[in-house]
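Novice: 102 is the number of the first residue of the sequence shown in the numbering used here; add one for each residue after it.
All C-beta atoms in this analysis are idealised placements derived from N, C-alpha and C, irrespective of residue type, glycine included.
Since the structure is predicted, the reported quantities are computational estimates derived from the model, not experimental observations.
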Amino acid sequence: MEAQIEQQLEKILPEDLARTFESAYHVFQGNHEHIDDLLKNGGVLLRKASQRFSPTQMVIGIAALAAVAVVLINRASSDDDHEGEAHDVSKKDSKRQLGGKDDK
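#1: Closest to residue 117 by CA distance: which of 152, 143, 172 is it?
#2: Taking the continuous alpha helix (DSSP H) assigned at residue 114, which residues delimit it?
#3: I'd like the list of long-range same chain contacts for residue 111, defined as Cβ closer than 6 Å, with 5 residues on each side in sequence excluded.
#4: Whose C-alpha, out of 133, 131, 145, is nearest the C-alpha of residue 119?
#5: Output the residue ranges of the alpha helix (DSSP H) runs that lie fully inside the region 123–168 and measure 4 residues or longer, sorted by chain position.
#6: Can you find a heavy atom of the ligand NAD that lies under 7 Å from the Cβ of residue 143?
#7: Return the chain-ordered list of same chain residues with a C-beta closer than 6 Å to the C-beta of residue 138, the five sequence neighbours on each side being excluded.
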């Protein structure tokens with residue numbers, strides 16, 4: 102009986118993972134024509150994973166993926182935030198500090 106259930110379940114293939122990550126990479130790089138591919142490939146992968154894992158495992162797995170996505174997006178956007186900003190490159194010692202010992 103258990104062998105029949107396993108035969109009915111579709112296996113998660115490496116190609117499924119590769120297609121999903123490739124689509125996600127293209128979308129992350131700004132090529133938004135691949136959003137449909139990402140949704141389709143992600144949906145197939147999610148359907149296959151839901152057959153294999155318990156609901157608790159699915160929730161934990163999706164939460165881990167979301168956390169990784171947030172960190173990657175935060176790093177990518179923080180690199181762009183500082184582009185073109187002016188920075189003070191003078192030495193701190195040569196500046197007169199307010200409230201310092203020299204102020205009277």
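Specialist: Let's see:
#1: Scanning 152, 143, 172 for the CA closest to the CA of residue 117 turns up 143.
#2: Neither: residue 114 is in no alpha helix (DSSP H) and is coded neither H nor E.
#3: Only 149 meet the Cβ criterion.
#4: Scanning 133, 131, 145 for the CA closest to the CA of residue 119 turns up 145.
#5: Counting whole runs of 4 or more residues, the region 123–168 contains the alpha helix (DSSP H) stretches 136–153.
#6: This structure lacks the ligand NAD, and indeed carries no ligand of any kind.
#7: Counting only Cβ-Cβ distances below 6 Å, and skipping sequence neighbours, we find 124.
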